[in-house]
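Reviewing the structure listed below.
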Amino acid sequence: MDRDTVERIAHECGFELAGVAPIGAPGDFARYQTWIERGLAGEMRYLEGRRAALRRDPAQLLDGARSVICVGKLYNSAQVPPPSPSPGAAHISRYAQGRDYHDVLTEGLERLAQRLREFQPFGYKICVDTAPLLERSLARQAGLGWIGKNTCLIHEPLGSWFFLGEMIVTLDLAPGSPPPGRCGSCTRCIDACPTQALVPDGNQWVLDSRRCISYLTIELRGPIPAEHHAGIGDLVFGCDICQEVCPWNWSAPVTQDPDFAPRQVPPLEDLARLTEAEFREFARGTPVARPKYAGFMRNVRIALANRKPRPVSWIT
């Protein structure tokens, strides 16, 4: 079996991006270690310690591993933030408005595995977000895109609205080639971030999770520091600003997958009245369940306190 066959069948299984990365330490592992040591992961302890060390080499996750099949699944929806949202509007990140991507990608990768095993038997391990892998680094090595200044994987010309998934396999496949970075001198994502979460790291940029709206509204447990409340605006779950301003996303395609069709987000006042049982129903089967009731209602209270339109300068 060759890489072209793998990529062709991956596309047939619903993945817009596909490629192969080599087994071995990703070139970004040292940067990842430094990022952890600087405390930029915030309270995400699952990124540290033993699970950090496992990211050194994907081969540690599967006996006999020889290659990593990397895929990208488009989730960009037709929904575009209005230029002048009403003061009572609430916004949820695009990635979380449809079905939980963990389930969608896992099912797609399982279909891919079974299709490939029609050619020859092999061992495999499917990974979607929760495994200790440097996913963006592997995707870059597989040729799916470069890692931009906003720290997202960016594909030319399709942009960055992609979920990433991996299949570690015992197949010996020829790897792809990393594309060159194409951010150039552009700093739109850095300038647009309301909480200044993109910080310099030598001649590159990294994410300070402790300032990132997605981290603050999803991963952080407990109170959000008051100095970041204003920057959160009406964002009650996640943040897309650094992707929305990226020129590579201005003509990005829209997914046709019904699993990622956007849904109507209720106004802040309605969200503020949700009981815990109503929240569980509202979030069922979507990533919105991750911060749990207490975390989500914390976010809603901050957005209610802000109650003013988002600045429009970041989309012009």
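For my numbering, add 6 to where a residue sits in the sequence shown, where the first one is 1. Even glycine gets a Cβ: it sits at the ideal position worked out from N, Cα and C.
- [ ] Mind reading off the beta-carbon distance from Cys-189 to Gly-165? Whole number of angstroms is fine, and I expect it under 8 Å.
- [x] At roughly 13 Å, the Cβ-Cβ gap does not stay under 8 Å, so Cys-189 and Gly-165 are not in contact.
- [ ] Inspect the beta-carbon positions of Ile-219 and Cys-245 and report whether they are closer than 8 Å.
- [x] yes
Task: Per-residue DSSP class, three states only, for Tyr-299 - done: helix
Open item on the list: Give me, in chain order, the residues of the same chain whose beta-carbon lies closer than 6 Å to that of Ala-145; leave out the 5 immediate sequence neighbours on both sides.
Closed with: Cys-76, Leu-159 and Leu-170
Open item on the list: the ligand SAM and Leu-170: does the residue's C-beta get closer than 7 Å to at least one heavy atom of that ligand?
Closed with: Ligands displayed in this structure: none; no statement on the ligand SAM is therefore possible.
Task: 3 or more residues per run - each beta strand (DSSP E) lying fully within the stretch 201-227 - done: 204-207 and 210-213
Open item on the list: Taking only three categories from DSSP, how would you classify Val-12?
Closed with: helix
TODO: Tell me where the alpha helix (DSSP H) around Gly-237 begins and ends.
DONE: 235-238
TODO: Return the first residue and the last residue of the beta strand (DSSP E) that Gly-78 is part of.
DONE: 73-80
Task: Three-way DSSP call (helix, strand, coil) for Trp-152 in this model - done: strand
Task: C-alpha gap between Pro-184 and Phe-285, whole angstroms - done: 42 Å
- [ ] Measure how close the beta-carbons of Gly-104 and Thr-176 come, nearest whole angstrom, since I'm counting them as under 8 Å.
- [x] Contact flag wrong, Cβ pair sits at about 33 Å.
Task: C-alpha distance - Glu-162 paired with Gly-151, whole-angstrom precision - done: 7 Å
Task: Contacts around Pro-297, its chain only, beta-carbon distance under 6 Å, and the 5 residues preceding and following it disregarded - done: Ile-224
Open item on the list: Considering only the alpha carbon of each residue, which of Ile-308, Thr-157 and Ala-198 lies closest to His-235?
Closed with: Ile-308
- [ ] Work out the CA separation of Phe-243 and Ala-300 for me, nearest whole Å.
- [x] 13 Å
Task: Close-in-space but distant-in-sequence residues of the same chain around Asp-34 (CB under 7 Å, 5 per side omitted) - done: Leu-140 and Ser-143
Open item on the list: By the DSSP assignment, the beta strand (DSSP E) with Ala-24 in it spans what residues?
Closed with: 23-28
Task: Phe-285: first and last residue of the uninterrupted alpha helix (DSSP H) it sits in - done: 282-289
- [ ] Go through the stretch 109-189 residue by residue and report every complete run of the alpha helix (DSSP H) that reaches 4 residues or more, in order.
- [x] 141-147
- [ ] Decide if the stretch 203-214 is in contact with the stretch 63-70; the criterion is three or more beta carbon pairs, one per stretch, under 8 Å apart.
- [x] no
Task: Close beta carbons around Ala-289, own chain, < 7 Å, minus the five adjacent residues each side - done: Ala-295
TODO: In the DSSP assignment, find the unbroken beta strand (DSSP E) run with Leu-277 in it and report its ends.
DONE: Per DSSP, Leu-277 belongs to no beta strand (DSSP E); it is in the alpha helix (DSSP H), 274-278.
Task: Through-space distance from Ala-148 to Gly-94, alpha-carbon basis - done: 43 Å
Open item on the list: So the candidates are Arg-117, Met-173 and Cys-248; which of them puts its Cα closest to the Cα of Gln-202?
Closed with: Cys-248
TODO: For Leu-60, I'd like the list of residues in its chain whose CB is within less than 6 Å of its CB, leaving aside the five on either flank, ordered along the chain.
DONE: Gln-66 and Pro-138
Task: Backbone CA spacing between Pro-64 and Ile-29 [nearest angstrom] - done: 6 Å
Open item on the list: On the CB-based measure, 16 or more other CB atoms within 10 Å of its CB, does Ala-283 come out buried or exposed?
Closed with: exposed
TODO: Please classify Arg-304: does DSSP put it in a helix, a strand, or coil?
DONE: helix
Task: Pairwise C-alpha distance: Glu-43 and Arg-51 - done: 12 Å
TODO: Using 10 angstroms around the beta-carbon of Ser-215, count the other beta-carbons present and answer buried if the total reaches 16, otherwise exposed.
DONE: buried
Open item on the list: DSSP three-state label for Leu-310, please.
Closed with: helix
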